[in-house]
Amino acid sequence: MITRRIFTTMALLIPLALSNIGAARATDAANWDQVLAKARGETVYFNAWGGSENINAYIRWAGDEVKSRYGVTVVQVKLDDTAKAVTTVLAEKSAGRDAHGSVDLVWINGENFAAMKRQNLLLSPDWATKLPNWGLVDIDNQPTVTTDFTIPTEGLESPWGSAKLVFFYDEARMAKKDLPDSAKDLLAFAKSHSGRFSYPQPPDFIGSSFLKQVLTELIADPEKLQKPVDGTTFEMDVAPLFAYLDQLHPLLWRKGKAFPQNYPDMKQKLADGELDIIFAFNPAEASAGIAAGELPDTVRSFVFSKGTLGNTHFVGIPYNANAKAGALVLANFFLSPEAQMRKQDPTIWGDPTVLAMSKLSEKDRMAFAAIDLGVATLPPERLGPALAEPHPDWMTRIEAEWIKRYGAAN
Amino acid sequence: MGRQTEDNRNWPQSKGTAMTRRFAVSGFVLALLGLPVLAGLAGTIGPAFGYLPAIGGNGFTFEHFAALATQPHLMRSSMVSLTAGIVATGISLVMVMLFTAGYAGTRMFSRIQHLVSPLLAVPHAAAAFGLAFLVAPSGLAMRLVSPGLTGYTSPPDWLVPQDPLGLTMIVGLVVKEMPFLFLVTLAALPQVPLAQTRHMTANLGYGRIRGFLIASWPLLYRQIRLPVFAVLAYTSSVVDMAMILGPALPAPLPVRLTQWMADSDLRMRFLASAGALLQLVLTMTAVAFWLIAERAGAFVLKRMSGSGIRQPDDRTIRRIACAAMAVSAAFVFLGVLVLFMWSVAGLWPFPSLLPHDITLQPWMRAFPQAVAPVVTTITLAGASAAAALLLAIGLLWQDDLRAGGALRFVLYLPLIVPQLCFVFGLQILGLALGLEASFLLLIFVHLIFVLPYVVLSLSQPWRAFDRRYETVAAGLGKSPLQILLRVRLPMLTRACLTAFAVGFAVSAGLYLPTLLIGAGRIVTITTEAVALSAGGDRRTIGVYALLQTLVPFIGFLIASLVPHLLFRDRRAMRI
Chain A
5 MITRRIFTTM ALLIPLALSN IGAARATDAA NWDQVLAKAR GETVYFNAWG
55 GSENINAYIR WAGDEVKSRY GVTVVQVKLD DTAKAVTTVL AEKSAGRDAH
105 GSVDLVWING ENFAAMKRQN LLLSPDWATK LPNWGLVDID NQPTVTTDFT
155 IPTEGLESPW GSAKLVFFYD EARMAKKDLP DSAKDLLAFA KSHSGRFSYP
205 QPPDFIGSSF LKQVLTELIA DPEKLQKPVD GTTFEMDVAP LFAYLDQLHP
255 LLWRKGKAFP QNYPDMKQKL ADGELDIIFA FNPAEASAGI AAGELPDTVR
305 SFVFSKGTLG NTHFVGIPYN ANAKAGALVL ANFFLSPEAQ MRKQDPTIWG
355 DPTVLAMSKL SEKDRMAFAA IDLGVATLPP ERLGPALAEP HPDWMTRIEA
405 EWIKRYGAAN
Chain B
4 MGRQTEDNRN WPQSKGTAMT RRFAVSGFVL ALLGLPVLAG LAGTIGPAFG
54 YLPAIGGNGF TFEHFAALAT QPHLMRSSMV SLTAGIVATG ISLVMVMLFT
104 AGYAGTRMFS RIQHLVSPLL AVPHAAAAFG LAFLVAPSGL AMRLVSPGLT
154 GYTSPPDWLV PQDPLGLTMI VGLVVKEMPF LFLVTLAALP QVPLAQTRHM
204 TANLGYGRIR GFLIASWPLL YRQIRLPVFA VLAYTSSVVD MAMILGPALP
254 APLPVRLTQW MADSDLRMRF LASAGALLQL VLTMTAVAFW LIAERAGAFV
304 LKRMSGSGIR QPDDRTIRRI ACAAMAVSAA FVFLGVLVLF MWSVAGLWPF
354 PSLLPHDITL QPWMRAFPQA VAPVVTTITL AGASAAAALL LAIGLLWQDD
404 LRAGGALRFV LYLPLIVPQL CFVFGLQILG LALGLEASFL LLIFVHLIFV
454 LPYVVLSLSQ PWRAFDRRYE TVAAGLGKSP LQILLRVRLP MLTRACLTAF
504 AVGFAVSAGL YLPTLLIGAG RIVTITTEAV ALSAGGDRRT IGVYALLQTL
554 VPFIGFLIAS LVPHLLFRDR RAMRI
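Following this line, the structure appears as structure tokens:
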């Protein structure tokens, strides 16, 4: 009697155990056929910043494609701040929900990645370098595809696009010769054009990036930025930055008593004529804005000749994702030449590719070359050198310091 | 025990079942509203004292409060919220009070009365955006006079909105809270013998306003006191309006709280929880201040009635009160108009009064992906408002909501405890219980916020109902249930539909609970609008803010059209 019961139990358990092994294998990116098989029918909740209509449209397109090709449904969970997705995963971990989490894929980089990696909230080990399309990624010329703000990605996130700090101005209101060519120049410009420049209020990502750009230009020893902050010398290291800001702030829009919310807000203010120089992390922002009727067609781009910040943005999979296989399929599709090409087209998004042209087929290479970057977009060779992002530690510390100093400007 | 059986024997059978039914309904509502709030609060208090195991918080510590105290400019942030809350509530209340005093029972009163519903339908965020687009230096108001009168060809560098004292924010709060207070005043008016007291004070030679303040206001205020506290709690803890209109450096406390809660550094959760408790203290301070102000007000009223001054001619005050109501309604409607203009604008640089070209592109682009959220919003709002309506009818029928009862207090609990302070805790709790982010759960959470408003909206017509109809029906041998279903409810169709529409609008406008409890997967037009407003593009904001307004507005439209159809051959039922 007892034996029979044990037998029944075992008979019931064995397929269960087998299916578990299968599940474990199915999310191993090296075994791609199994990933595809597992992914079919899954729904991927892709948590991505939803503040830009053209990006949302691009994600919708990608979702439609993976649906028809691989049977994977993609739902974009539109966030106003990526940190919300981190919070969700954290809340789930705190409640002990280690499987069937609500976030399957998250658009991420920098401090959010650092936080998730530190807290072990990401799917591991290395899956990104096992994706079939990884071979096309430009790991030789774009070091930022494997080092996210100095933190090694270790294959815990897969590159999606690259970004570079680019400035915009309206040709109709400003002569090209007046354009600043460094942070120092920018201060001189602000002196002669009081109230015509500003930056998004930190901790907005673009605003903090502006602070890092200035710090990178002004710090005595730039090497220090590649390591975590040294508490003992921090005050001294950032002194030039805050001396600069102390001078700059009274010359800003609203005399530094209020700041634009984010870069689309600055774009609106350029169109309204409240600001003369704005910046974004996407070289095609101005062309896209012109195409959408948000900016006058006299807006043009420029960069600093000594370089501006450049980085890569990624997609990551939380450790407790419900549709891991589907998320892998989508991450891999994002790296396909077809998806990357479409993303680089400024009429669609205008986000530069992370793929290496040399690794592409002749046909794809030609197609990339044929993309019309738009009247206001600088071609890649004129984007200037890319400055490396400081360690995320710096951003956190500078933001805190900024709030302490300027948090009550009124 | 013996006594109870005896009671049962002596009382007619229906009374006994009515008693059980009463306990069932009110007990259910007590649990429905009270438990989630208390549980959510517990979920916030834990992390504030260091308990959040997921990120290594296992102990009990005060260090997070110490960390909170070292946050720069915390005092300024708190004071801005506190004063904005008190001032906005005060202004809204005084406006409603003076207007009611001067006009209750007149044609002007019923005219303004019709504006209340559409004003309530405009969500806070949409109203705030509209106001911002109106008064900003590059806004429509400035374009009207530029460059003609001002000579400006580019917008002046003025700090509006986001002015340091939070004045724009206060204006925004007043234009949205005034309609709510007006609605609850309307609900309470039938319980005050307005005509008689007016008659009496007029005979004694008092002017309309002074007579009303002395004789009717104390009675009326007692009725609307809890809603006033709800407004106070809301205005002192508001997030979305403060983000759009409030000062930026430093931002009001609730805005900073949400930033901490959303910080990528997960240890900030502790700080955020400690901050949420500070917010609770802040709101309680506002309430305490209000209690003192109430005393002062009562003292002033007493002096007024003792002074013997009649002030028979109060036309000026009356006109000011009426103008204030009209202007504040105009702000909202003009704001919606500006939103609409931006939603179809091509390039529209300053100082052009009108867009250079008109385009439907923003609508065309938004439409395909707005359909699903709109459907979700309608389903969610419809379900929660319907459930709330049924419960509200149950409560009112049992007559459980007499002034001073515990239930009346609990009903307002979700409105008086700031959302920020318990919604996050509620989310953690839901997860801990293994509750999936399901539609049903979200309906339940919405119900918590919707029910109070539905009850408020329905209680006025309910109490104003002429009981003689019921007496007649009872005389004809109808049971209480039959009377409810065959007499009262059909005659209150219009009121029920309006209450439903109010609940519908509240549900459609809920942001924080929808986002957190829906885990971002259940997308309503409001969560979509706030996410897109992060992008700052005025066209997209215009489209979504309008959609967000339109959805609840349709509810109100139906509420006013359906009775016309139903009662087209019942003349006495029309208005």
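As given, the protein sequences belong to chains A and B, one line each in that order.
All residue numbers for the first sequence refer to the working numbering, where the first residue is 5 and numbers rise by one.
All residue numbers for the second sequence refer to the working numbering, where the first residue is 4 and numbers rise by one.
C-beta: ideal position from N, C-alpha, C; glycine also.
Computed from a predicted model, the values in this text were never measured in an experiment.
Check: Which residues mark the beginning and the end of the alpha helix (DSSP H) in which Gln80 of chain A is found?; Outcome: Per DSSP, Gln80 of chain A belongs to no alpha helix (DSSP H); it is in the beta strand (DSSP E), Thr77 to Leu83.
Check: Which stretch, first to last residue, makes up the alpha helix (DSSP H) that contains Lys180 of chain A?; Outcome: Here Lys180 of chain A belongs to no alpha helix (DSSP H), and DSSP marks it neither H nor E.
Check: Which bits of chain A does Ser310 of chain B rub up against, with CB to CB less than 7 Å?; Outcome: Those within 7 Å of Ser310 of chain B in chain A number zero; the least Cβ separation is about 42 Å.
Check: Give the residues from the region 150–170 of chain B that approach chain A closer than 7 Å (Cβ to any Cβ), ordered along the chain.; Outcome: Ser157, Pro158, Asp160, Leu162, Gln165 and Pro167
Check: Below 8 Å on C-beta distance, what does Gly211 of chain A contact in chain B?; Outcome: Under the 8 Å cutoff, chain B gives no residues; its nearest Cβ is about 12 Å from Gly211 of chain A.
Check: For Ala28 of chain A, collect the residues of the same chain with a Cβ closer than 6 Å to its Cβ; drop the 5 residues on either side in sequence, then sort them by chain order.; Outcome: Here Ala28 of chain A scores only 44 on pLDDT, less than 50, and its place in the model should not be relied on; the value that follows carries that caveat. Excluding sequence neighbours, Ala28 of chain A sits near nothing in its chain.
Check: Rounded to a whole number of angstroms, what is the C-alpha to C-alpha distance between Ile294 of chain A and Ile210 of chain A?; Outcome: 21 Å
Check: Spatial neighbours of Tyr155 of chain B within its chain, please: C-beta separation below 6 Å, excluding the five flanking residues on both sides.; Outcome: Ser149
Check: Which chain A residues are close to His76 of chain B, counting only those with a beta carbon under 7 Å from its beta carbon?; Outcome: Gly411 and Ala412
Check: Please look up how many angstroms separate the CB atoms of Ser98 of chain A and Leu357 of chain B, rounded, as I've assumed it's under 8 Å.; Outcome: 53 Å between Cβ atoms; not a contact.
Check: Exposed or buried, what is Lys231 of chain A when buried is set at 16 or more other beta-carbons lying within 10 Å of its beta-carbon?; Outcome: exposed
Check: Using 8 Å for Cβ pairs, my map puts Arg368 of chain B next to Glu57 of chain A. What's the rounded Cβ distance?; Outcome: 6 Å
Check: Candidates B:Gln194, B:Ile212, B:Leu340 and B:Leu443: which alpha carbon is nearest Arg313 of chain B's?; Outcome: B:Ile212
Check: Would you kindly work out how many angstroms separate the C-alpha atoms of Ser80 of chain B and Ala129 of chain B, rounded to a whole number?; Outcome: 24 Å
Check: Excluding the 5 residues flanking Val110 of chain A on each side, which residues of the same chain have their C-beta closer than 6 Å to its C-beta?; Outcome: Asn51, Ala89 and Gly320
Check: Give the DSSP bridge partners of Glu161 of chain A, in chain order.; Outcome: A:Gly320
Check: By Cβ distance below 6 Å, which residues in the same chain neighbour Thr527 of chain B in space, the five residues on each side in sequence not counted?; Outcome: Pro376, Thr379, Thr380 and Thr517
Check: With 8 Å set as the bound, which would you pick, yes or no: does the beta-carbon of Lys408 of chain A sit closer than that to a beta-carbon of chain B?; Outcome: yes
Check: Taking the alpha-carbon positions, what's the Leu41 of chain B to Gln194 of chain B distance?; Outcome: 32 Å
Check: Give the C-beta separation of Thr86 of chain A and Trp53 of chain A to the nearest angstrom, bearing in mind that I take them to be a contact with Cβ-Cβ under 8 Å.; Outcome: 6 Å
Check: Which value, in whole angstroms, describes the spacing of the CA atoms of His567 of chain B and Ile557 of chain B?; Outcome: 15 Å
Check: Please identify, using Cβ separations under 9 Å, the residues of the region 256–289 of chain A that lie next to chain B, in order along the chain.; Outcome: Trp257, Arg258, Lys259, Gly260, Lys261, Ala262, Phe263, Pro264, Gln265, Asn266, Tyr267, Pro268, Asp269, Met270, Lys271, Gln272, Lys273, Ala275, Asp276, Gly277 and Glu278
Check: Within this structure, are the beta carbons of Ser579 of chain B and Leu186 of chain B separated by less than 8 Å?; Outcome: The displayed coordinates of chain B run from 4 to 578. Any statement about residue 579 of chain B would go beyond what the structure contains.
Check: If you draw a straight line from the C-alpha of Thr153 of chain B to the C-alpha of Arg409 of chain A, how long is it?; Outcome: 35 Å
Check: Determine which residues share a DSSP beta bridge with Pro365 of chain B and list them.; Outcome: According to DSSP, which records beta bridges pairwise, Pro365 of chain B is partnered with nothing at all.
Check: Which two residues bound the contiguous alpha helix (DSSP H) that contains Tyr415 of chain B?; Outcome: Ala409 to Ile419
Check: Verify whether the separation of the beta carbon atoms of Leu101 of chain B and Ala324 of chain B is less than 8 Å.; Outcome: yes
Check: Taking the Cβ atom as the reference point for each residue, do Arg304 of chain A and Glu175 of chain A lie within a distance shorter than 8 Å?; Outcome: yes
Check: Which residue marks the beginning of the alpha helix (DSSP H) containing Thr47 of chain A, and which one marks its end?; Outcome: Note, Thr47 of chain A: premise wrong, no alpha helix (DSSP H); beta strand (DSSP E) at Thr47 to Trp53.
Check: When you compare each of A:Glu393, A:Ile375, A:Ala247 and A:Pro341 to Leu191 of chain A by their alpha carbons, which one comes out closest?; Outcome: A:Ala247
Check: Is it buried or exposed, Arg497 of chain B, if we count other Cβ atoms within 10 angstroms and call 16 or more buried?; Outcome: buried
Check: Taking the straight line between their C-alpha atoms, what separation do you get for Ala262 of chain A and Ala41 of chain A?; Outcome: 53 Å
Check: Taking buried to mean at least 16 other C-beta atoms within 10 Å of its own C-beta, is Phe31 of chain B buried or exposed?; Outcome: exposed
Check: Tell me Trp111 of chain A's beta-bridge partners as DSSP assigns them.; Outcome: A:Val319
Check: Listing by chain order, which chain A residues have their CB less than 8 Å from the CB of Arg541 of chain B?; Outcome: Gln272
Check: Closer than 8 Å, CB to CB, is Ala362 of chain B near chain A or not?; Outcome: Note that residue 362 of chain B corresponds to Thr in the displayed sequence, not to Ala. Answer yes: the Cβ-Cβ gap between Thr362 of chain B and chain A drops below 8 Å somewhere.
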